[in-house]
Amino acid sequence: MSEVLKIFKIGGGIIDDITQLGQFLAELAQVSGRKILVHGGGKGANQMLQRLGIEPQMVEGRRITDAATLDIVTMFYAGKTNKQIVALLQAEEVNALGLSGADGNVIQATRRPVRTIDYGFVGDLNEHSVNTKLLEQLLETGLTPVLCAITHDGHGQLLNTNADTIASSLARALAGSYTVELHFCFEKDGVLADINDEASVIPQITADQYQQLKSEGVIAAGMVPKLDNAFAALEAGVERVVIENALRINEPVKTILCRS
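Spelled out as structure tokens, the structure:
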């Protein structure tokens, strides 16, 4: 079996709380072996937009990114948030390297075409988007890449890309070189059977069970695109996908997704 690579994606709710962010990164530092961290930007970008008189625009949980918004999210995602995470990891003696998709051409995206909605400067990924060679070189030197949600199109244009999609695409692209585990970390202990009962964690979900839970409305809203990405990663050869509490990644309570 090839070497294990663990890819962690952290949710915005944890990023917004510096104490919880520090706790998560301390937990991450205890995870042995090769690892990559992917993050979004939390509420900081929205707060700055509002201070500048720009109202954030969202459609079905996805950000509309005009030119002014792109400037702000780049400042927050690739700047303040990314470098704060790297600094905290360095304090935990993890040799982290902060990257946007433009750095080293690590993730190249295509601007989303206008159909019914113009999402602006939003980048979509494909099977050729990830620079696996560079990531493998970084991992082999013992570095921990920390990637934000800013990508580029190869022609000088920065783009905003969904962080869950980036994490899933990284996992799929690197599955040929490593035994990849993909971990989605947020405020809950896993996928809940009852949103009002924190103890109702579903320990395991197959692809068929996922479709049934969606049809019953047990899994809905923002969890759907996350799990869609997760099951697509499993189909593409990712060994394991885990949904877990960012503050308890080294504890056994979590949801494990599997093909069958």
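In full-length UniProt numbering, the protein residues as written are 1 to 260.
The beta-carbon is built from N, C-alpha and C at its ideal position, and this holds for glycine as well.
Query	Result
Nearest-angstrom Cα separation, counted from F186 out to N46	19 Å
Start and end residues, beta strand (DSSP E) containing R240	240 to 245
Within the stretch 56 to 132, ranges of the beta strand (DSSP E) (whole runs, at least 3 residues)	96 to 99
Outcome for H152 when other beta-carbon atoms lying within 10 angstroms are tallied against a minimum of 16	buried
Inter-residue spacing [alpha-carbon to alpha-carbon] between K188 and T110	33 Å
Whether I202 touches A193 by CB criterion (8 Å)	yes
Cβ-Cβ separation, T81 to G42 (assumed contact under 8 Å), whole Å	7 Å
V191 - DSSP class collapsed to helix/strand/coil	coil
For L37, the three-state DSSP class (helix, strand or coil)	strand
Residues bridged to Q204 (per DSSP)	I256
Residue from F184, R115, V218, E140 whose Cα sits closest to the Cα of R248	F184
Unbroken alpha helix (DSSP H) run spanning K226, endpoints	223 to 235
Secondary structure of N196, DSSP reduced to three states	coil
Sequence-distant residues of its chain with Cβ nearer than 6 Å to E3 (five each side left out)	Y178
T165 - DSSP class collapsed to helix/strand/coil	helix
Residue environment, P145, which counts as buried when at least 16 other CB atoms sit within 10 Å	buried
Identity of the residues DSSP links to I7 by a beta bridge	I36, L182
Length of the line joining the Cα atoms of L234 and K9	16 Å
Cβ-Cβ separation, N105 to L143 (assumed contact under 8 Å), whole Å	Incorrect: roughly 17 Å between the Cβ atoms, too far for contact.
From T132, E251, D16, residue whose alpha carbon lies closest to that of L174	T132
For K6 and V38, believed in contact at Cβ under 8 Å, the rounded distance	Their Cβ separation, rounded to whole angstroms, is 12 Å, which puts V38 and K6 out of contact at 8 Å.
Boundaries (first-last residue) of the alpha helix (DSSP H) holding residue 267	Not covered by the structure: residue 267. The range shown for the chain is 1 to 260.
Proximity below 8 Å, CB of L170 to CB of F121	no
Cβ separation of L49 and I72, assumed to be a contact under 8 Å, to the nearest whole Å	5 Å
For I14, three-class secondary structure by DSSP	helix
N160 - partner residues in DSSP beta bridges	V122, I150
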